[in-house]
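J.: Pasting a structure below so you can have a look.
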Amino acid sequence: MALPLLPGYGFNHNVGKDKFHRMLVTEDKRGIGELPLRQRTKPKYSVFPKGMGSAVPSWVAFDKQVLSFDAYVEDEVHDKRQENYRIRRHKILFYLEDDTIQVNEPKVKNSGLPQGTFIRRHRIPCPPPGDDQFYTVYSFNINIDIVFYGRVFKIYDCDAFTKNFLKKIGVKLNPPRQCPEDPYMKTRREILDYVQPLHPYESFDTLKQFLEYDRKVLRFFCLWDDSSLFGERRQLILHYFLSDDTIEIKELLPHNSGQDAMSWFLHRGKLPKYGPPGVYQPGEVTDRIVLNVYSGFRVSQVHDYLLDNNKTGKLEQEFYKDSDLSVGTTINVWGRKVLLCDCDEFTKTYYRTKYGIENFTSVSCKAPSPPKIERNFPRYTGFSSEEDSIRPCIGLVPIPRPNLEDFRKFMEKDSYGNISNILRFFAKLITHKCADVDRMFIISYFLSNCTISVFEPIERNSGNTGGLFLKRMRIKRTGQEGFKRELSEYIQPEELYIGAKVNLNGYLFLLLNADEYTLKFMEENSDRFPFSNLELALQKLKNEKSKSTEIKQVFRAADYKLTKTVDYNTFREILMSVTVGKLTDQELITIVRHYRVPEEPCPDVNVLIAMAHEEFKKNMFENFERLISCCVYEDRKRKKVLPRKDIKRLCKSSRLPLTDDLLESLLSKFEDSEEQINYESFFSVLNWRVNRMPELIRISPLKERCEDVWISMPSPIPAKYINYFKFLKDVYGLEVE
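Right under this line is the structure:
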């Protein structure tokens, strides 16, 4: 490709001349006054060396065009007997745009010399006595010596572009010559050829296996039965690495086992099948068998090596592979018999995909529990409690120690706030004495320590004193021996439900009803109280599906006003007649509470405020100004009203000592049609310090104060009306026209 010849290049022999000469010519033609100010101030003779480059527009044409020359340098090697000199090859790059030169030395593997950029790119001055000039393109040719900073570079060739360019500018090229061979590299090449075997090595390609199975590990749960005189059964975890067929084993130590914690039971490596194999001499275990071939006596010693195709004398070792491992197999781990009991899901998927194995029946890793030794304690003598009497038989020092289980139970089930954790039942005494037939009692069961107390309400002119009937204590179940070796069994809360008969220290009670907290607690814990489980109760009614049409007609006849509701007594009679006594009173009350029609209590607002003031006084709550400030912060639009849900959330977060029902009733009294509440008036009314209300007078038939008092007697009717329409639809899928 022909290059454009610009002024200053081409066949003009002034290429590379100093710009200062052209300035002098311009000065002679135009005169000093016509020169630019920068050139007028320049001295007549430049102090810079000559040959500063070509004409100004030259870089435009020769940008990114470089001449490349191949050269070598003979470096003398001192103090070394094996070699006297070295041949170091270089690349000389000449940049046409600015006459800069760069020298690079290609890197040679294992040369032992720092290689790379030998001379960085810049303009190189000529050697003395012409050191006032720089090298130009006319300074280069083939088969010449060129000196850069005292080092002689012998140019022996160049590339095709360089040859073409030099011919275009009129340079007569010398014929190229051969670069001499480096004696050191020749010696190294001969040594490498000398040590190579005549036949190629056997290929052991493990890269494919590594790339395919890297980070894929099979995991087995193992057991080593070391139950000797002082041994035990040890649980292990075996990891098989698919990338290189290695195995590692880790031991699982139970808590407080008394054994030293070891990092690994077996370090990662290939596991021989028949171990321990013994001790081998160096060189016995090898991948390749090489024969030593002697070619006779020669002046120059020659060694030949051949691979033994028959592999005579090779020591064969068998290692465990993935095909040797399966659940239920016993493997040999350096003399220890390890049983593979189970594996993880990835291992099962791997064997199912590769080998088609579907049977992964696991083997129990746990050791059989030792036989339980029955302790024969002496009989209870009646002194102190049974627990204290049995302590000297358990430990040498009979120090009373707290039972952690009972302490945890006490902390969880002790009364706090509005949660009493006390189950109260209304009961009557079952007796043949005419004077005691109508006596009513309140039975309280304390969940914190499983104690029971019985209280008899005081009734005027009844002839009974009333008050505490049975002090709080744990009560044993009936039918147990008085003085026995084992601990006695006590009445549990699961045995108490409405309709049950309970024997308390020889007195038989029939549980008639329970308070709201007890019924709610039993429904929330229906797994412990099956008679409060709504699904189980409805299942007994669903078993009588054959009578569904008859039941529908009975309910329809009872509801002659078409209100879709019936009273409690009617609902009870119908269900009891359908189930023929299979439904207990507790289950009936559970159904009634679910399908009852909620009453609409409309208490006076002053009564609600008085009740709230009483709760605030008990708990000394006075943070009403802070509540109003929080509401003002939430009221971004300054309307002095907030939604009901925001007021309720604020009351809950501030822990107002009010029950949910009382708080809901107060909020309903102060909300408007848009469910907005004026927070200033609401909290100002609740402020018992500023807005004092007359004290709430509770009507109580009891004047005496006792330890266990049920102030409000439970109503024998849990609900006045029941929605039988919804009941029939849920149980039998019927709809009443």
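One rule links them: number in our numbering = place in the sequence shown (from 1) + 3.
No residue lacks a Cβ here, since even glycine has one placed at the ideal position from N, Cα and C.
All of these numbers come straight from a predicted model, not from anything done at the bench.
By a C-beta neighbour count over all protein chains shown, 10 Å radius and 16 as the cutoff for buried, is residue 721 buried or exposed?
T.: The sequence position of residue 721 within the sequence shown is 718, counting from 1. Its Cβ being crowded by 16 or more others within 10 Å, residue 721 is buried.
J.: Thinking C-beta only, is residue 345 closer than 7 Å to residue 365?
T.: Numbered from 1 along the sequence shown, position 362 holds the residue referred to as residue 365. Numbered from 1 along the sequence shown, position 342 holds the residue referred to as residue 345. Taking 7 Å as the Cβ cut-off, residue 365 and residue 345 qualify as a contacting pair.
J.: With contact counted as at least three CB pairs below 8 Å, one residue from each stretch, are the region 250-258 and the region 279-289 in contact?
T.: Not touching, per the Cβ criterion.
J.: Buried or exposed, going by whether 16 or more other CB atoms sit within 10 Å of the CB of residue 357?
T.: Within the sequence shown, residue 357 is the residue found at index 354, counting from 1. The residue in question, residue 357, is exposed, as its Cβ has fewer than 16 Cβ neighbours within 10 Å.
J.: Where in the region 644-697 do unbroken runs of the alpha helix (DSSP H), each at least 4 residues long, occur, reported from the N-terminal end onward?
T.: The region 644-697 contains these whole alpha helix (DSSP H) runs: 647-656, 663-673, 682-689.
J.: Should residue 516 be labelled buried (16 or more other beta-carbon atoms within 10 Å of its own) or exposed?
T.: Reading the sequence shown from its first residue, position 513 is the one you call residue 516. Buried, by the Cβ-count rule.
J.: Rounded C-beta distance between residue 86 and residue 178? I'm assuming under 8 Å.
T.: On the sequence shown, position 83 is the one that residue 86 refers to. On the sequence shown, position 175 is the one that residue 178 refers to. Not really, about 30 Å apart at Cβ, beyond 8 Å.
J.: Closest to residue 137 by CA distance: which of 129, 372, 144 is it?
T.: Taking the first residue of the sequence shown as 1, we reach residue 137 at position 134. Taking only the C-alpha atoms, the option nearest residue 137 is 129.
J.: Would you mind sorting residue 379 into buried or exposed? The rule is 16 or more other CB atoms within 10 Å of its CB.
T.: Taking the sequence shown and counting its residues from 1, the one referred to as residue 379 is at position 376. Classification for residue 379: exposed.
J.: Where do the N-terminal and C-terminal ends of the beta strand (DSSP E) with residue 265 fall, by residue?
T.: If you number the sequence shown from 1, residue 265 lands on position 262. Note, residue 265: premise wrong, no beta strand (DSSP E); not H, not E.
J.: Leaving out the 5 sequence neighbours to the left and right, which residues in its chain are closer than 7 Å to residue 670 when beta-carbon positions are compared?
T.: Your numbering for residue 670 matches position 667 in the sequence shown. The residues are 647, 650, 651, 680.
J.: Buried or exposed, going by whether 16 or more other CB atoms sit within 10 Å of the CB of residue 505?
T.: In the sequence shown, residue 505 corresponds to position 502, counting from 1. The residue is buried, with at least 16 neighbouring Cβ atoms inside 10 Å.
J.: With a CB to CB cut of under 6 Å and the five nearest residues on each side skipped, what residues in its chain are close to residue 727?
T.: Taking the first residue of the sequence shown as 1, we reach residue 727 at position 724. Taken in chain order, the residues that qualify are 558, 569.
J.: DSSP beta-bridge partners for residue 99?
T.: One-based indexing of the sequence shown puts residue 99 at position 96. In DSSP, residue 99 forms no bridge with anything.
J.: Do the region 119-126 and the region 90-109 touch if we need at least three Cβ pairs shorter than 8 Å?
T.: Touching, yes, given that three or more Cβ pairs across the two stretches are closer than 8 Å.
J.: Below 7 Å between beta carbons: does that hold for residue 475 and residue 456?
T.: In the sequence shown, residue 475 corresponds to position 472, counting from 1. In the sequence shown, residue 456 corresponds to position 453, counting from 1. Result yes, Cβ atoms of residue 475 and residue 456 sit closer than 7 Å.
J.: State buried or exposed for residue 321, treating a residue as buried only when at least 16 other CB atoms are found within 10 Å of its CB.
T.: Walking along the sequence shown from the start, residue 321 turns up at place 318. By the 10 Å Cβ count, residue 321 comes out exposed.
J.: What are the uninterrupted segments assigned as alpha helix (DSSP H) that are 4 or more residues long and contained completely in the region 206-242, given in chain order?
T.: Counting whole runs of 4 or more residues, the region 206-242 contains the alpha helix (DSSP H) stretches 210-216.
J.: My output table needs one value for residue 572: the three-state DSSP class, helix, strand or coil.
T.: Translated into positions along the sequence shown, residue 572 becomes position 569. It is helical.
J.: Under the assumption that residue 543 contacts residue 586 (Cβ atoms under 8 Å), give the Cβ distance between them as a whole number of angstroms.
T.: Indexing the sequence shown from 1 puts residue 543 at position 540. Indexing the sequence shown from 1 puts residue 586 at position 583. Correct: roughly 6 Å between the Cβ atoms.
J.: Can you give me the Cβ contacts of residue 548 inside the same chain, cut-off strictly under 8 Å, excluding the 5 residues immediately before and after it?
T.: Here residue 548 refers to the residue found at position 545 when the sequence shown is read from its first residue. Excluding positions up to five away in sequence, the list reads 735.
J.: Only counting runs of 3 or more residues, tell me where the beta strand (DSSP E) segments fall wholly within the region 106-136, in order along the chain.
T.: List check, beta strand (DSSP E) in window: 119-125.
J.: Per DSSP, which one or two residues make a beta bridge with residue 456?
T.: As a working mapping, residue 456 is identified with position 453 in the sequence shown. Beta-bridge pairing links residue 456 to 447.
J.: So, helix, strand or coil for residue 330, using DSSP?
T.: Your numbering for residue 330 matches position 327 in the sequence shown. Residue 330 falls in the coil class under three-state DSSP.
J.: State the Cα-Cα distance for the pair residue 91 and residue 241, rounded to the nearest angstrom.
T.: Against the sequence shown, residue 91 aligns to sequence position 88. Against the sequence shown, residue 241 aligns to sequence position 238. Taking the straight line joining both Cα atoms gives about 57 Å.
J.: Return helix, strand or coil for residue 519, following the three-state DSSP convention.
T.: As a first step, residue 519 must be located in the sequence shown, where it is residue number 516. Three-state DSSP puts residue 519 in a helix.
J.: Can you give me the C-alpha to C-alpha distance between residue 698 and residue 630, rounded to a whole angstrom?
T.: Residue 698 sits at position 695 when you count from the first residue of the sequence shown. Residue 630 sits at position 627 when you count from the first residue of the sequence shown. Each residue's Cα considered, the two are about 24 Å apart.
J.: Report the residue from 398, 371, 494, 331 whose alpha carbon sits nearest the alpha carbon of residue 480.
T.: In the sequence shown, counting from the first residue as 1, residue 480 sits at position 477. With distances taken between Cα atoms, residue 480 lies closest to 494.
J.: Count the other CB atoms within 10 Å of the CB of residue 576; is the residue buried (16 or more) or exposed (fewer)?
T.: By one-based count along the sequence shown, residue 576 stands at place 573. So residue 576 ends up on the exposed side.
J.: Which residue wins for smallest C-alpha separation from residue 617, given the options 374, 730, 488, 690?
T.: Position 614 of the sequence shown holds residue 617. When only C-alpha atoms are compared, the closest one is 690.
J.: Check the C-beta distance from residue 158 over to residue 146 and give it rounded, since I have them as a contact under 8 Å.
T.: Residue numbering aside, residue 158 sits at position 155 when the sequence shown is read from its first letter. Residue numbering aside, residue 146 sits at position 143 when the sequence shown is read from its first letter. Sure, about 7 Å apart at Cβ, within 8 Å.
J.: Quick check on the burial criterion: 16 or more other C-beta atoms within 10 angstroms. Buried or exposed for residue 2?
T.: The structure shown does not extend to residue 2, since the chain is modelled only from 4 through 740, so no value can be given for it.
J.: Would you identify the three-state DSSP class for residue 258, choosing helix, strand or coil?
T.: For the purposes of this step, residue 258 is taken as residue 255 along the sequence shown, with counting starting at 1. In the structure shown, residue 258 sits in coil (DSSP, three-state: anything other than H, G, I, E or B).
J.: Among residues of its own chain, excluding the 5 on either side of residue 324, which ones have a beta-carbon nearer than 8 Å to its beta-carbon?
T.: Walking along the sequence shown from the start, residue 324 turns up at place 321. Within the same chain, residue 324 has close Cβ partners 248.
J.: Mind checking which residues open and close the alpha helix (DSSP H) that includes residue 629?
T.: Position 626 of the sequence shown, counting from 1, holds the residue named residue 629. Start and end: 627-637.
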